[in-house]
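**Student:** First residue of the sequence shown: 21, per the numbering used here; consecutive thereafter.
Beta carbons are placed, not taken as given, at the ideal position from N, Cα and C, and that holds for glycine.
Dumping the structure here so I can ask a few things about it.
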Amino acid sequence: VNDFLDDFLTARIGTDILSSQYLAITRPGGPTSVIDRQCDPVAVVKGAAQDAAKLCKYHYGYAPPIDVIDVGQVQFPFITQYLNYIMFELL
């Protein structure tokens, strides 16, 4: 079952990236790629932490504090949507 789910999720992510990339390059005036060349991981993690806290408060009435420590200006090329998804799941 694990192998099937791994293959399914990998195929889904690949299809989603290809579809998103196609839509990005065909929309006039929008971004030309789904890859953010200057992805700010601190901003993405802070957004994911806020989303996780809202969800926690909605379901349990309380959310534990989440401290995001900024260690400096770090930027790297990445797909922001997937970094947000990964961080949200970890939180």
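Taking 8 Å as the cut-off, does the region 35-48 touch the region 69-88 (at least 3 CB pairs, one atom from each stretch)?
**Tutor:** no
**Student:** Identify whether Arg47 lies in helix, strand or coil by the three-state DSSP scheme.
**Tutor:** Here residue 47 is taken as the residue at index 27 of the sequence shown, counted from 1. Reduced to three states, the DSSP call for Arg47 is coil.
**Student:** For Ala31, is the classification buried or exposed, using 16 other Cβ atoms within 10 angstroms of its Cβ as the cut-off for buried?
**Tutor:** The count along the sequence shown starts at 1 and reaches residue 31 at position 11. Flag for Ala31 reads exposed.
**Student:** What is the DSSP secondary structure of Gln93, reduced to helix, strand or coil?
**Tutor:** For the purposes of this step, residue 93 is taken as the residue at position 73 of the sequence shown. If DSSP states are grouped into helix, strand and coil, Gln93 belongs with coil.
**Student:** Buried or exposed for Leu75, going by 16 or more other Cβ atoms inside 10 Å?
**Tutor:** Against the sequence shown, residue 75 aligns to sequence position 55. That one is exposed.
**Student:** By the 10 Å Cβ neighbour count, where 16 or more other Cβ atoms means buried, how is Val21 classified, buried or exposed?
**Tutor:** The residue labelled residue 21 in the question sits at position 1 within the sequence shown. Exposed, by the Cβ-count rule.
**Student:** Per DSSP, which residues does Asp56 bridge with? Please list them.
**Tutor:** Counting from 1 along the sequence shown, the entry for residue 56 is found at position 36. According to DSSP, which records beta bridges pairwise, Asp56 is partnered with Phe98.
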